[in-house]
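Contents: one structure, followed by commentary.
Protein chains: 2
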Amino acid sequence: MRALAEQLRLAGLRPTRQRVAIAALLLDGRHRHVTADSLTEEIATLGLQVSCGTVYNTLNQFTDAGLLRRVTVHNNYSLFDTNTEYHHHFYDEKTNELVDIPNNDVILKKLPNPPDGHEIKAVDVVIHIQRK
Amino acid sequence: MRALAEQLRLAGLRPTRQRVAIAALLLDGRHRHVTADSLTEEIATLGLQVSCGTVYNTLNQFTDAGLLRRVTVHNNYSLFDTNTEYHHHFYDEKTNELVDIPNNDVILKKLPNPPDGHEIKAVDVVIHIQRK
DNA sequence: AGGCTCTTTAGAATGATTTTAAACTAGTAA
DNA sequence: TTACTAGTTTAAAATCATTCTAAAGAGCCT
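The listed protein sequences derive, respectively, from chains C and R.
With my numbering as the guide, the letters of the first sequence map in order to residues 112 to 243.
With my numbering as the guide, the letters of the second sequence map in order to residues 112 to 243.
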């Protein structure tokens with residue numbers, strides 16, 4: 112808990128009860144994908160008290176601080192990945208399943224040259240899959 | 112117009128006045144990106160009558176029929192690309208600018224093996240850029 | 001403890017999109 | 001032409017994830 116508080120402080124976030132609780136769930140080293148909704152439900156199940164708005168705020172703050180990564184696969188709702196390392200995703204629209212693509216599966220041959228006056232900030236690759 | 116009606120019929124869509132009007136705007140061979148909102152505005156400017164709901168329905172139907180391609184870059188609203196050929200995108204979050212990446216800029220080295228029992232359906236690559 | 005700022009909260013507001021049920025129309029057959 | 005039927009369009013209401021609001025609460029420094 113002390114370490115979590117320190118990690119939040121380093122990220123420029125005051126370690127409030129709510130943020131520490133969410134950090135304990137999401138920043139434990141496990142790689143998983145959550146939505147604001149799934150996280151809210153998980154928090155409720157554990158008997159913790161964090162309001163809906165704070166869940167959204169915290170997910171956004173963690174993402175801005177680089178503690179989480181936002182994954183855009185559709186525009187129904189946001190997905191957050193606890194794995195912030197460079198990697199890509201498989202996504203099954205039917206089941207809404209999101210799976211990390213192993214990092215050693217090198218995918219990109221080269222990056223294209225960005226338009227004049229621009230630089231590349233991030234690369235998102237989503238490979239849509241479906242059950243055979 | 113006759114040709115458009117025929118194209119819609121081939122796609123399994125009855126060529127109604129509204130669909131033909133939208134097809135005339137989007138399926139003329141030009142490559143561009145539209146939103147439901149920008150298309151609605153364009154229709155209004157031209158003095159055409161198509162309801163908001165029909166614009167949404169038509170964009171979805173055209174996409175399902177393979178006449179348009181949906182591009183997911185964020186989850187604020189949907190973008191549709193009149194270029195349905197395999198290609199990727201540059202996206203600037205700041206300006207909301209979406210630019211096609213020239214097709215001859217080959218990006219992918221190889222596709223990763225999809226999870227067991229699954230096959231690859233589509234590959235979305237979005238390269239986020241920002242002004243230097 | 002006091003005090004200042006940042007946070008949290010419940011609830012309202014937003015905004016893109018979908019749904020609804022009734023009115024309309026394309027296509028077909030008489 | 002006329003009539004019919006299934007598919008479409010419509011305006012308006014509903015939905016739903018997310019953000020905003022203003023008031024109450026909680027870190028943290030002195």
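Every residue, glycine too, gets a C-beta built ideally from N, C-alpha and C.
Of the choices the options, whose alpha-carbon is the least far from that of residue i?
i, options, result
"residue 147 (chain R)", "R:123, R:184 and R:164", "R:164"
"residue 237 (chain R)", "R:221, R:189 and R:185", "R:185"
"residue 139 (chain C)", "C:201, C:114 and C:200", "C:114"
"residue 129 (chain R)", "R:208, R:116 and R:198", "R:116"
"residue 207 (chain R)", "R:242, R:155 and R:134", "R:242"
"residue 200 (chain R)", "C:200, C:231, C:171 and C:191", "C:231"
"residue 192 (chain C)", "C:214, C:168 and C:137", "C:137"
"residue 173 (chain R)", "R:213, R:220, R:190 and R:211", "R:190"
Can you name the start and end residues of the alpha helix (DSSP H) that residue i belongs to?
i, result
"residue 154 (chain R)", "147 to 156"
"residue 211 (chain C)", "Unbroken run through residue 211 (chain C) is the beta strand (DSSP E), 208 to 212; no alpha helix (DSSP H)."
"residue 133 (chain R)", "128 to 137"
"residue 171 (chain C)", "163 to 175"
Could you name the residues that DSSP lists as bridge partners for residue i?
i, result
"residue 144 (chain C)", "C:192"
"residue 117 (chain C)", "None; residue 117 (chain C) has no bridge partner."
"residue 202 (chain C)", "C:209 and C:239"
"residue 219 (chain C)", "R:219"
"residue 233 (chain R)", "C:239"
My guess is that residue i and residue j are in contact by the Cβ rule of under 8 Å, so how many angstroms apart are they, rounded?
i, j, result
"residue 178 (chain R)", "residue 195 (chain R)", "7 Å"
"residue 159 (chain C)", "residue 134 (chain C)", "About 12 Å separates the two Cβ atoms, so there is no contact after all."
Starting from residue i, find everything on chain C with Cβ-Cβ shorter than 7 Å and list it in chain order.
i, result
"residue 242 (chain R)", "228 and 229"
"residue 154 (chain R)", "Chain C residues near residue 154 (chain R): none, gap ~22 Å exceeds 7 Å."
Whose Cβ in chain R lies nearer than 9 Å to the Cβ of residue i?
i, result
"residue 212 (chain C)", "223"
Quick one: which chain C residues come within Cβ less than 8 Å of residue i?
i, result
"residue 186 (chain R)", "183, 185, 186, 187, 188 and 189"
"residue 133 (chain R)", "Residues of chain C passing the Cβ test: none, with the nearest at roughly 21 Å."
How would you write the range of the beta strand (DSSP E) that residue i sits in, first residue to last?
i, result
"residue 181 (chain R)", "180 to 182"
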